[in-house]
Amino acid sequence: MKLLQFYYPESGKRAGVLKDGMIYDISKVDDKLNSVLSLLKISTQSERTFSKLIDKVLKNSPVCKYDEIDKPFGSEGGYLLIPIDAQEVWGFGVTYKRSADARDKEAAELDGIYGMVYSSERPECFFKATLSRCVGPNDYIGIRSDSVKTASEPELAYVVSDDMRIIGYTICNDVSAWDIEKENPLYLPQSKTYSRCCAIGPVITTVDEIENPYNLKITCRIIRNDKLIFEENVNTSLISRKFEVLNECLFRNNPIPFGTVVTTGTGLIIPDEFIHCDGDKVEIEIEGIGKLCNLVKKL
Ligand code: DO4
Ligand code: MG
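Sequential numbering of the sequence shown, starting at 19, is according to my numbering.
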């Protein structure tokens, strides 16, 4: 099942189901159900109630085609919203060898600290964002005003319940100011967390629809002045840690709110010549989830 949130003229914010390119409004069945968080809560309490609810929703006629609202934030005819109002977003880093190697190369004087983390028992785990710092599909991601080297990090993310269950998957762009991180690793929070530092969407795919999260193709494209200037793929099979292991670290003496988004690290490093410029368009596509598109804005 693909769950999403959207804004529709006159009805306001809605939660929906995406099926065969059409959007079905959940609040037509229960008008209190206008968030994906509330739907996921039902799905974790009773699978039967959840599937009955979805069956009912899909018996109604769809509100619109997905393409009709896959539009910039604020568009008159309606638009997609961030698919989950997660209180917190957490991130894991150097979970792919490619990320460790690229970062060690950049910080050669630091004695391979990223490689050390890559092979240590304890993963790198960081607080990424709150909802107010995140954006949804087709909205702007930001380059900090004090960064000249900000890049997208295209990542598979999972949604977790407060009792450690993985309840969905989505796409996350862990936008990062690499120059600030490189200046000193202690500056990592400043490179990771700021306004518009994190894009999530376009949908939350429930776990039953993803047969194997460790075999998904991730594609990243950068479009500049209407021209495709960069395209590369990576497969999640190259990730070095299982999500249960990440969860065990995340939840250790650390209460995690229901519906937290956990982004699992980048396996794709954007080369220096394609570092973000104001006006770039970024597309991240993950099999079984969809395509997350965002525009880049210098803050
Ligand atoms: O240590 C820096 C951050 C690593 C990261 O975000 C990643 O590997 O995706
Ligand atoms: Mg990252």
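The C-beta atom is built at its ideal place from N, Cα and C for all residues, glycine as well. Computed from a predicted model, the values in this text were never measured in an experiment.
Under the DSSP assignment, R242 falls in the beta strand (DSSP E) whose first and last residues are K235 to R242. Here DSSP, grouped into helix, strand and coil, assigns S194 to strand.
Burial state of L174 is buried, judged by a 10 Å Cβ sphere holding 16 or more other Cβ atoms. When rounded, the separation of the alpha-carbon atoms in L58 and A126 is 44 Å. Scanning its chain for C-beta atoms nearer than 7 Å, with the 5 sequence neighbours on each side dropped, one finds around S213 the residues R151, G160 and L317, in chain order. T67 counts as exposed, since fewer than 16 other beta carbons sit within 10 angstroms of its beta carbon.
Around the beta carbon of N78, fewer than 16 other beta carbons sit within 10 angstroms, so the residue counts as exposed. Cβ atoms of A104 and T278 come within 8 Å of each other, at about 6 Å. C-alpha of P231 to C-alpha of T254: approximately 7 Å in a straight line.
Residue environment for Q23: buried (at least 16 other C-beta atoms within 10 angstroms of its C-beta).
With a threshold of 7 Å, the Cβ atom of D122 does not count as near the ligand MG, since no heavy atom of the ligand is closer than that. Secondary structure note for N312: it is in no alpha helix (DSSP H), and the uninterrupted beta strand (DSSP E) holding it is G308 to K316.
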